[in-house]
Every structure is written in structure tokens, then in C-alpha cells.
Amino acid sequence: DVKVTQSSRYLVKRTGEKVFLECVQDMDHENMFWYRQDPGLGLRLIYFSYDVKMKEKGDIPEGYSVSREKKERFSLILESASTNQTSMYLCASGQGLNEQYFGPGTRLTVT
Amino acid sequence: GQQLNQSPQSMFIQEGEDVSMNCTSSSIFNTWLWYKQDPGEGPVLLIALYKAGELTSNGRLTAQFGITRKDSFLNISASIPSDVGIYFCLAGTYKYIFGTGTRLKVLA
Chain A
-3 DVKVTQSSRY LVKRTGEKVF LECVQDMDHE NMFWYRQDPG LGLRLIYFSY DVKMKEKGDI
57 PEGYSVSREK KERFSLILES ASTNQTSMYL CASGQGLNEQ YFGPGTRLTV T
Chain B
485 GQQLNQSPQS MFIQEGEDVS MNCTSSSIFN TWLWYKQDPG EGPVLLIALY KAGELTSNGR
545 LTAQFGITRK DSFLNISASI PSDVGIYFCL AGTYKYIFGT GTRLKVLA
């Protein structure tokens, strides 16, 4: 079975803090994705990566950056957390246009 | 960003009833995926479709890739209380587009 894990299920941070969300997949997938999910807005793509050290902006990249130093790991970074970044963050991995497999999510609260 | 039209938005049904939902778009896609998401959890892949007209089942779930490649349908037969959750579609060509989700509630 494909396994996508995220470093934290729940996270509480203060405004202005630097936040790291980690995602690891064990299927040697080329593609990895970061989404945020908000009520009424559905899932929105923040960034994706199609190879190590490669990244592409999604629909809402502002305020975020990413890092992919190893194939299995994709990190989402909030340089200076703000309250409007309180959300559910979902990582996913996949191969080509085949299935995307999601992690359990990280519920981030910025106070 | 673009989203797929998914209907219905929500539905309440009695246990044992069949459920149907669909996703439609004005664009053509090569892949349709259906997911279920429980509260506070990540989405879980239910069915993947890769060919126009393809009909695929997974237990009580059946999904079809529309012949025009612009839509897809998901049916759940004989619903049970654990079917409750949000179902959404995901369609892809060179990028993925999400449906708006169908919230299903099953009354025992």
C-alpha cells in the first residue's frame, strides 16, 4: 500500500513564526503536491514538484515556499506565518497522471 | 483556480438507498479520480478511470468515465452509515482540477 505521511496532525504557531510542514512518501513517486483545504473553497494547490529540486507554483503560492532535496520528501515552508494561513494542509504524491495519494493532513492554527 | 462542477452539493439519504453524484466540466480530461474524505482526515482514493466510457467498480461503488470525457459519475449502492463523508472528483490532463465536493449524510 502507498503510504504518505505528514510530520504533524495538529500544529499551533504564533504569527510571524517560521513553520515547516514535512511530507514523506514511500512509493518512489516523481510528483508531490501541497494543498490547503478551507471550508467553501475546496482544495487549492499551493506548490508541486515533479522531480528532486524541481518545483512549480500552484494556484496560491504567495506566502509559501517548498523544498525537495530528496525524492521521498517534500517540505512546505511558511516563512512568516499569518492568521490567514490557518488551514488544513494536505500533501499528496503520484506518478505521472495516475492516482494521487494523500497524507492524513496537518491542521495548522496560527494565533 | 478552476474547479469542476460537482452535484449535488449535499444529500441526506436513508440507509439502504442508492446514491448518485456527478462531476461535469466544459473541458476534456484524460483521467478521472474519485475520493472520499472523512472529517479531519486526508482524502482516500476510491476509483480511478483512464478511458472514455470506462465503467469500474469497487465493492458497492461504481464510477464511469463519461464518453465525452467531460464528466464522470459515482454511484453507491445500498448505502450504510459509514458511507458518510465528503466525496469529490479529481480530473486531470496536464494538471489536476478538483470538484467542489458532495457531502453525504446517511440516516440509519
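These protein sequences, in sequence, are chains A and B. Just so we're aligned, residue -3 is where the first sequence starts under the numbering used here, counting upward by one. Just so we're aligned, residue 485 is where the second sequence starts under the numbering used here, counting upward by one. Note that beta-carbon positions come from the ideal geometry of N, C-alpha and C, so glycine has one too.
Own chain partners of residue i with C-beta closer than 8 Å, once the 5 adjacent residues on each side are dropped
i, result
"tyrosine 519 of chain B", "Pro527, Val528, Leu529, Leu530, Tyr571, Phe572, Cys573 and Leu574"
"aspartate 502 of chain B", "Asn559, Ile560, Ser561, Ala562 and Ser563"
Proximal residues of chain A, C-beta to C-beta of residue i below 8 Å
i, result
"leucine 574 of chain B", "Gln96"
"leucine 517 of chain B", "Glu95 and Gln96"
CB of residue i within 7 Å of CB of residue j, strictly
i, j, result
"glycine 576 of chain B", "threonine 515 of chain B", "yes"
"glycine 500 of chain B", "alanine 562 of chain B", "yes"
"tyrosine 43 of chain A", "glycine 59 of chain A", "no"
"phenylalanine 557 of chain B", "glycine 38 of chain A", "no"
"threonine 1 of chain A", "valine 20 of chain A", "yes"
"valine 106 of chain A", "glutamine 81 of chain A", "yes"
"threonine 508 of chain B", "aspartate 555 of chain B", "yes"
"alanine 536 of chain B", "isoleucine 512 of chain B", "no"
"arginine 40 of chain A", "serine 83 of chain A", "no"
Neighbouring residues, chain B, relative to residue i (Cβ below 8 Å)
i, result
"glycine 101 of chain A", "Gly524, Glu525 and Gly526"
Range of the contiguous beta strand (DSSP E) that encloses residue i
i, result
"serine 61 of chain A", "60 to 66"
"leucine 558 of chain B", "555 to 560"
"valine -2 of chain A", "Where valine -2 of chain A is concerned, there is no enclosing beta strand (DSSP E), given that its DSSP letter is neither H nor E."
"glutamine 498 of chain B", "494 to 498"
"leucine 530 of chain B", "528 to 533"
"glycine 583 of chain B", "580 to 583"
"glutamate 109 of chain A", "Not covered by the structure: residue 109 of chain A. The range shown for chain A is -3 to 107."
"leucine 591 of chain B", "586 to 591"
"proline 47 of chain A", "Here residue 47 of chain A is aspartate; the residue named in the question, proline, does not match the sequence. Taken as a continuous stretch (DSSP letters only), the beta strand (DSSP E) holding aspartate 47 of chain A covers 38 to 47."
"valine 8 of chain A", "6 to 9"
"isoleucine 73 of chain A", "69 to 74"
"glycine 576 of chain B", "569 to 576"
"glutamine 548 of chain B", "545 to 549"
"aspartate 34 of chain A", "27 to 34"
"serine 563 of chain B", "Element bounds for serine 563 of chain B: n/a, residue is neither H nor E."
Under 7 Å by beta carbon: chain B residues contacting residue i
i, result
"glycine 38 of chain A", "Gln487, Phe582, Thr584 and Gly585"
"leucine 86 of chain A", "Gly526"
Residues near residue i in its chain [Cβ-Cβ closer than 6 Å; skip 5 each side]
i, result
"valine -2 of chain A", "Met23 and Tyr97"
"serine 3 of chain A", "Glu18"
"serine 76 of chain A", "Gly12"
"asparagine 559 of chain B", "Ser504 and Thr546"
"valine 48 of chain A", "Arg64 and Lys67"
Neighbour flag for residue i against chain E, beta carbons, 7 Å
i, result
"isoleucine 570 of chain B", "Of the protein chains in the structure, A and B, none is chain E."
Spatial neighbours of residue i in its chain, beta-carbon cut-off 7 Å, leaving aside the 5 residues before and after
i, result
"arginine 544 of chain B", "Ile560, Ser561 and Ala562"
*Return the residues of the region 563 to 588 of chain B that lie within a Cβ-Cβ distance of less than 9 Å from chain A, sorted by chain order.*
Along the region 563 to 588 of chain B, going in chain order, the ones with a CB nearer than 9 Å to a CB of chain A are Phe572, Leu574, Gly576, Thr577, Tyr578, Lys579, Tyr580, Phe582, Gly583, Thr584 and Gly585.
*When you check each C-beta in the region 519 to 553 of chain B against every C-beta of chain A, which residues fall closer than 9 Å?*
So the list reads Tyr519, Gln521, Gly524, Glu525, Gly526, Pro527, Val528, Leu529, Ala532 and Tyr534, given in the order they occur along the chain.
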